[in-house]
Amino acid sequence: MHKVLNQHIHEYLKEREETKLLRELTACSVRNNSTDLYLNLNDYLQLSRHPLIIEAAQKALAEWGTTSSGSPVVGSYWPIHQELEEALKEWCGFEYGLLWNSGYTANKALLSSLPQKNDVVLVDRYVHNSVLIGMRETQAKLIRYRHLDLNHLEDLLRLYTHPDRTVFVVTESVFSMEGDYPDLKQMRLLKDRYQFFWIVDEAHAMGWYGPRGNGLVATFGVEKEVDILVATLGKSLASQGAFTLFHDRHLRSYLLNRTPEFIYSTYLTPAATAASLAAIEVIQTELIARQSQWLSQTLQLKNSLTHFFPSLPLYDSPILPLVIGDPETTLRLAAELAEQHHIYVGVIRPPSVPKGTSRLRLSLHCNLAFDSLAQILEDFFKKPVKKRGEHAKKTGYLIFE
Ligand SMILES: Cc1ncc(COP(=O)(O)O)c(C=O)c1O
């Protein structure tokens with residue numbers, strides 16, 4: 053390696069290591085051990101091993117093979133892809149849809165191709181990295197409004213709304229690092245007043261919320277006002293990939309003509325596509341009757357932890373963020389949870405979250421024994437953090453980021 057590059061890499065990694073922010077990959081070989089609890093995974097409805105979904109994926113494998121083998125614009129857009137698009141449109145109340153290889157790709161493609169020079173893009177301060185990276189490729193102006201602060205958003209709308217430009221507003225429904233969400237009805241009122249172009253990312257809400265498991269946009273009844281709904285297939289929908297939904301057919305056509313992420317990449321595998329198609333069915337036929345139960349149990353669990361985490365956002369979403377502060381203690385606590393209780397949680401450190409807010413992120417799921425988890429966590433956090441044993445500092449525990 054050239055010495056300049058070598059030095060750059062060395063210095064980068066050294067700095068990460070010294071600040072306890074170095075990420076490492078740990079191959080996990082104990083997935084099927086029933087005593088382990090994987091709260092680092094986003095399989096919120098536990099559908100990744102559902103027999104009907106596995107069967108659907110196997111059938112698609114047998115019929116279509118292991119790969120789509122090419123770009124969707126060169127023949128690898130297949131009836132199974134079209135079928136999933138149709139199902140998603142009907143499920144979520146939109147007229148047009150488009151599948152993508154990942155939620156990251158979809159967001160990046162939207163934000164790099166839609167806003168034009170002179171446009172203004174207003175995003176919640178905590179919006180996903182993919183949105184910010186997409187914006188880097190545009191000449192539009194990016195402004196981040198304070199998290200969930202719709203007054204701040206309105207101030208900005210008042211300032212920037214103008215007949216000669218499009219103002220975009222981008223929010224997640226459920227925020228990936230906080231587990232909270234904006235009042236989408238209030239946002240709709242703002243849209244009535246300022247006519248912005250509204251993009252909502254339902255990555256963490258799809259499946260978990262909605263009268264048919266069809267997301268928080270459906271719960272709030274704002275599907276007619278949202279211009280683009282984007283969501284991943286990789287969380288509750290049990291596979292991989294993502295989708296965007298629209299009311300305007302030209303948007304679909306524009307994106308599939310214009311975005312390199314769509315055009316120059318091998319399309320979703322048929323098995324992943326079929327798995328999500330089956331997941332939509334299973335959610336509606338088997339799971340939805342239990343929704344009010346998992347929502348109330350989730351809220352109860354979060355309530356029980358407010359004694360230790362007073363600023364924990366009290367929302368019934370599947371994301372439980374326990375803000376610890378410094379990365380070292382966060383790593384240590386995650387290691388202890390793994391070692392003592394076989395509970396594996398996400399360790400989230402800067403730059404994924406602001407400095408000083410390193411956290412354990414627990415991705416809850418609908419089949420949890422909520423009461424016993426609450427008890428374990430209460431007992432765990434009762435012990436003063438500073439006096440914990442040094443033994444957990446040594447590496448080798450399973451920690452996930
Ligand atoms: C809010 C949000 N949007 C998009 C994504 C990316 O989705 P995918 O995992 O399909 O790339 C994530 C991933 O966690 C996310 O949290």
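Residue 222 in this note's numbering sits at position 170 of the sequence shown, and the numbers go up by one each step. By construction, the Cβ of each residue, glycine as well, lies at the ideal position given by its N, Cα and C atoms.
- Each residue's CA atom was taken as its position, placing F249 and N266 some 21 Å apart.
- CA-CA distance, R68 to H214, rounds to 44 Å.
- Around the beta carbon of R101, fewer than 16 other beta carbons lie within 10 angstroms, which makes this residue exposed.
- Its chain contains S410 as the residues whose beta carbon lies nearer than 7 Å to that of D378, once the 5 sequence neighbours on both sides are disregarded; these appear in chain order.
- When C-beta atoms of the segment 329 to 336 are compared with those of the segment 369 to 376, fewer than three pairs fall below 8 Å, so the two segments do not count as touching.
- Beta-bridge partners of T271 (DSSP): none assigned.
- Within the segment 290 to 356, the complete alpha helix (DSSP H) segments at least 4 residues long are 301 to 310, 312 to 315, 322 to 334 and 343 to 356, listed from N- to C-terminus.
- Here M187 is buried. Its C-beta has 16 or more other C-beta atoms within 10 Å.
- Under the DSSP assignment, T381 falls in the alpha helix (DSSP H) whose first and last residues are P379 to H393.
- DSSP assignment within the segment 56 to 137 yields the following whole alpha helix (DSSP H) runs of 4 residues or more, N-terminal first: 103 to 116.
- In the three-state reduction of the DSSP assignment, Y246 falls in the helix class, which pools H, G and I.
- The three-state reading of DSSP puts R240 in helix, counting H, G and I together.
- In the DSSP annotation of this structure, the continuous segment of the alpha helix (DSSP H) that includes E206 starts and ends at L202 to Y212.
- For K237, the closest of T118, L285, S164 and V269 by C-alpha to C-alpha distance is V269.
- Going by DSSP, A255 is part of no beta strand (DSSP E) at all; its letter is neither H nor E.
- Going by DSSP, G408 is part of no beta strand (DSSP E) at all; its letter is neither H nor E.
- If you draw a straight line from the Cα of V226 to the Cα of L93, it comes to about 16 Å.
- Proximity of the beta carbon of N203 to ligand 1 is not indicated: no heavy atom of the ligand is located closer than 7 Å.
- The three-state reading of DSSP puts D171 in coil, since its state is none of H, G, I, E or B.
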